[in-house]
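What follows is a single structure, written as structure tokens, with notes after it.
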Amino acid sequence: MSELQHIMTIDERREFVQKAAKSSLRKREFTSKFFLGMMATALVIAFIPLFSILQSVISKGAHYLTWGYLSKPQQTPFAFDLANIGGFSNAITGTILVDGLAVLIAVPIAVLLAVSLYESDGRVMHFLRVTTEVMIGLPSILLGIFIFTFVVTPMGYRMTALAGSLALAILMVPLIAIASEAALRDVPDTLKEAALALGARKSRVMLRVILPYAAPRMVTAVMLSTSRAVGETAPVLFVIGASSLTSWNPMSPVTTLPTMMFTYLQGSNPYIIKSLWGMALILMIIVFFFNLLARLVVARSSKRGL
Amino acid sequence: MSVDVASPTEPLENRTGRERKLPTSSDTPYRSILIGIAIAVAAILALFFVSIVKASIPGWRIVGWHFFYGSDWNFSAGQYGALPLILGTFVTTGFALVFAVPIGIGSALAITYLIPRRFRLVISSLVELLAVVPSIIYGTWGFLVIGPWLGNHLQPWLASLTGGRWPFNGIAQSGSNLLLGVIVLGVMILPTMAAISRDVFMAVPNELIEGGLSVGATRSQVLLKVVLPSSRTGLLGAAVLATGRALGETIAMVFLLGGVNAAHPWPFNPFNTGATLASEIAANFGNYSGTQGFGILSCLALVLMVIVGAVNLLARAITSRSRRKLLGA
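If you read the protein sequences in the order shown, they are chains E and X.
Last residue of the first sequence: 333 in the working numbering, with the numbers rising by one and none dropped.
Last residue of the second sequence: 341 in the working numbering, with the numbers rising by one and none dropped.
See the structure below:
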């Protein structure tokens, strides 16, 4: 009889189990919500800097987007009127000159490198691929030192736009080549085999079948690496010199937007410091333009493909 | 009758030559162009490494072993103990990772598993937009927005809490200091971390997740006990790659770290100024003299190259798949 007193009725037992399950569930739901909340917080924190940067650059830079600032070159130092800072035209033309030349130098080399990475196998190529990939990760300031010793010094310490273009081209080639090689590898084997079966030579298959198919993604790679190169300061800082004149001569010293910002940030004139936001906005527009263009090329080609 | 036997009308050499050699020899220009470009690229890379080593030789003659253990870095005064710079490079990178790794992984998890599918592309594109903001703009933003905010608001408030004791004693600088550099460096490597982590999570098989859910695990249990462990390798690779980026970051750090404090060179107080190998090269490039000064800067470059090269090879060894994806993205 006494033993039986300890046994719960079926209703009590049901209640007990339900209570236990509920509290366990509540606990688990709480920890779950807690972690999900942490993740959402992480995402929000990741967004704060982007909004802060965009907000400052746009709100403080927008009124520098006038024809006066865009068309005039920078005021030479030693000007008496501190507020008269001139404009940014020398830096804008310098940026277009240096980066345009860099793209012209880099694209043919990068495409050939991508094709040769694609076509080849064996140990030598494996070594080349590893070196190319490691090259991507190397700090870009090392390129500045390389070009300084290898191009600027032999020319009698002459700083030129072309030297900057070479530095940026070395930055861009591995970026474009690795992405392009991935694009080439994604071309369906059936297309390639069909062409080979018709008796086409390898070079012809590459030119007429593989390259056209991979072209949109290769264009994207070029755009992305251009948007990266436009914003680079470190590789060009020591090799392009500086110039307050608007010049299109690749053998003359030039100033680009990032190097002008680098110089201006070291200054103390408050008007110059403020105008940094104008240059930042122009630079940002150029960089985002290429980035957006790259995304659009991919989006359009994938739509066409489907 | 075998094919190789000469017909009466044609000499033997001609027939065998056409049959055996023609198909390949017509593609010879293609192959030689490809071999040529491979050799040229390899030569440029070799030249790159050699020229940095060569440029640093006059520097090593001056700095000697003192470079690696001396603490008296002052480039313009001719003191070349670079240990504070080497430590500064690792300290800033380490603390930037402490910020960027959890936030990057957390936001990648949120992007992949939490937010509705139709917003996913927009949100992840926005996070990746941070990756294309140029370094000089981060420098400007840190120097003109975050630095003054830290100096005027956060730092006085923190100092009032401790009553001006360590780390708010005499060393503390407002404006450019290690804390400011670390914060901005963390923001700069965050998109790398987030983008690669997202790719890694995308590759986790759905069966694993569904399996976890089917045995009654909550959403966070699935993420913590199924998704994270199965993507461990990829996340480690992402972190190592972000480390490589942080170690080599130059331009923003020139302005945000403020240069080595001659009286207190060690980078162990968050409010002390400091420098990294890369930032010191850029900061002094304008004011060196002769091949010896350039050589000393090249010594810094060589040490930086060895450190970053090693980190990148490590990243490559850990994972090459997720890395290729980002580069091709």
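We put the CB at the ideal spot given by N, CA and C, even for glycine.
**OP:** Sort E:Met311, E:Tyr96, E:Arg231 by Cα distance to X:Pro41 and report the nearest one.
**Re:** E:Arg231
Original post:
Which residue's Cα is closest to the Cα of X:Leu309: X:Tyr92, X:Ala52, X:Tyr81, X:Ser44?
Top reply: X:Tyr92
Original post:
Would you call the CB atoms of E:Lys196 and E:Ala133 closer than 9 Å?
Top reply: Sequence inspection shows Ala at residue 196 of chain E; the Lys mentioned does not correspond to that position. In contact: E:Ala196 and E:Ala133 (Cβ atoms closer than 9 Å).
**OP:** Can you give me the start and stop residues for the alpha helix (DSSP H) that X:Leu97 sits inside?
**Re:** 95-121
Original post:
How should E:Phe57 be labelled, buried or exposed, when 16 other C-beta atoms within 10 angstroms of its C-beta is the threshold for buried?
Top reply: exposed
**OP:** Confirm the yes/no value for this check: CB of E:Leu308, any heavy atom of the ligand NAD, distance under 8 Å.
**Re:** Ligands displayed in this structure: none; no statement on the ligand NAD is therefore possible.
Original post:
With a CB to CB cut of under 7 Å and the five nearest residues on each side skipped, what residues in its chain are close to X:Ala206?
Top reply: Gly116, Ser119, Ala120, Val139
**OP:** Can you pull the chain X residues whose beta carbon is under 7 Å from the beta carbon of E:Phe265, in chain order?
**Re:** Phe297
Original post:
For E:Glu39, which of helix, strand or coil comes out of DSSP?
Top reply: helix
Original post:
Beta-carbon separation of E:Ala73 and E:Ala256 under 9 Å?
Top reply: no
**OP:** Can you check DSSP and say which residues form a bridge with E:Gly113?
**Re:** E:Gln101
**OP:** Measure how close the beta-carbons of X:Gly260 and E:Leu170 come, nearest whole angstrom, since I'm counting them as under 8 Å.
**Re:** Not confirmed; about 11 Å, so no contact.
Original post:
Using Cβ-Cβ distances below 8 Å, what residues of the region 65-77 of chain E are close to chain X?
Top reply: Met65, Met66, Ala67, Thr68, Ala69, Leu70, Ile72, Ala73, Phe74, Pro76, Leu77
**OP:** Provide the residue span of the alpha helix (DSSP H) that contains E:Ile168, from first to last.
**Re:** 168-174
Original post:
Nearest to E:Thr247 by CA position, among E:Phe61, E:Trp304, E:Arg327, is which residue?
Top reply: E:Arg327
Original post:
Given that a residue counts as buried once 16 or more other Cβ atoms are within 10 Å of its Cβ, and exposed if not, what is E:Pro2?
Top reply: Because chain E here runs from 28 to 333, residue 2 of chain E falls outside it and cannot be looked at.
Subject >> CA-to-CA distance, X:Leu166 to X:Gly283, given in whole angstroms >> reply: Note that residue 283 of chain X is Phe in the sequence shown, not Gly. If I take the Cα positions, the gap works out to 12 Å.
Subject >> Closest Cα partner of E:Leu63 within the set X:Ile330, X:Val234, X:Arg43, X:Thr262 >> reply: X:Val234
Original post:
Taking 9 Å as the CB-CB limit, is E:Ser230 close to chain X?
Top reply: yes
**OP:** Can you tell me which of the three DSSP states X:Gly270 falls into?
**Re:** strand
**OP:** Take every Cβ of the region 107-127 of chain E, pair it with every Cβ of the region 270-281 of chain E, and state whether three or more of those distances are shorter than 8 Å.
**Re:** yes
Original post:
Closer than 7 Å, Cβ to any Cβ of chain X: which residues of the region 32-62 of chain E, in chain order?
Top reply: Arg55, Glu56, Thr58, Ser59, Phe62
Original post:
X:Ser226: buried (16+ other C-beta within 10 angstroms of its C-beta) or exposed?
Top reply: exposed
**OP:** Please state whether DSSP places E:Tyr184 in a helix, a strand or coil.
**Re:** coil
Subject >> Whole-number beta carbon distance between X:Phe80 and X:Thr95, since they are thought to touch under 8 Å >> reply: For the record, residue 95 of chain X in the displayed sequence is Leu; it is not Thr. Rounded, the Cβ-Cβ distance is 7 Å, consistent with contact.
Subject >> Any 3 or more C-beta pairs closer than 8 Å across the region 85-96 of chain E and the region 302-319 of chain E >> reply: yes
Original post:
So with Cβ pairs under 9 Å, would you call X:Asn86 a contact of chain E?
Top reply: no
Subject >> is_contact[X:Asn324, chain E] using C-beta, thresh 9 Å >> reply: yes
**OP:** Along the alpha helix (DSSP H) that carries X:Phe213, what are the first and last residues, could you check?
**Re:** 190-214
Subject >> Selection from E:Ala89, E:Leu218, E:Leu225 that minimises the alpha carbon distance to E:Leu238 >> reply: E:Leu218
**OP:** Could you confirm whether any beta carbon from chain E is found closer than 9 Å to the beta carbon of X:Pro41?
**Re:** yes
Original post:
Could you give the uninterrupted runs of the alpha helix (DSSP H) lying entirely in the region 135-163 of chain X, keeping only those of 4 residues or more?
Top reply: 147-153
Original post:
Using a Cβ-Cβ cut-off of 6 Å (strictly less than) and excluding sequence neighbours within five positions of X:Val272, which residues of its own chain qualify?
Top reply: Trp85, Pro96, Ala287
Subject >> Opening and closing residue of the alpha helix (DSSP H) in which X:Lys237 lies >> reply: Where X:Lys237 is concerned, there is no enclosing alpha helix (DSSP H), given that its DSSP letter is neither H nor E.
Original post:
For E:Leu155 versus X:Ala54, is the C-beta distance shorter than 9 Å?
Top reply: yes
**OP:** Could you tell me if X:Asn324 is buried or exposed, where buried requires 16 or more neighbouring beta carbons within 10 angstroms of its beta carbon?
**Re:** buried
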